[in-house]
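If you want it as structure tokens, here you go:
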């Protein structure tokens with residue numbers, strides 16, 4: 570699981586999932602879903618950190634993230650379909666810390 574830079578609850582930041590190492594050269598991806606669960610701490614609505622829908626360009630998926638509870642670690646799971654026929658998953662950890 571990739572560790573993302575820490576985020577303050579007031580920040581709105583992009584998270585990039587790069588599928589290039591896992592797909593054929595020249596293939597692209599379409600995001601199927603980005604879901605969020607709590608790893609550590611407490612947040613009854615972890616999906617609320619998602620700002621809009623994910624978008625894909627080439628082999629990368631970008632999901633904007635907002636808010637979050639200070640002291641909570643989130644797992645962000647991105648499922649994407651590649652034009653070479655694969656369905657792929659990348660998961661990243663996001664720690665929210667008040668500055």
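In our numbering, the protein residues as written are 570 to 668. All C-beta atoms, glycine included, are put in the ideal place defined by N, C-alpha and C.
Residue 583 - DSSP class collapsed to helix/strand/coil: strand
Mind checking who residue 609 pairs with in its DSSP beta bridge? Residue pairing by DSSP places residue 609 opposite 642 in a beta bridge.
Please return the same chain residues whose Cβ sits closer than 6 Å to the Cβ of residue 591, not counting the five positions on each side in sequence. Hits under 6 Å: 657.
Starting from residue 664, follow its DSSP beta bridges and name the residues at the other end. Residue 664 pairs with 642.
Which two residues bound the contiguous beta strand (DSSP E) that contains residue 619? 619-626
If you run the structure through DSSP and keep just helix, strand and coil, what is residue 574? coil
Rounded to whole angstroms, what's the CA-CA distance from residue 633 to residue 582? Just pull it up for me. 6 Å
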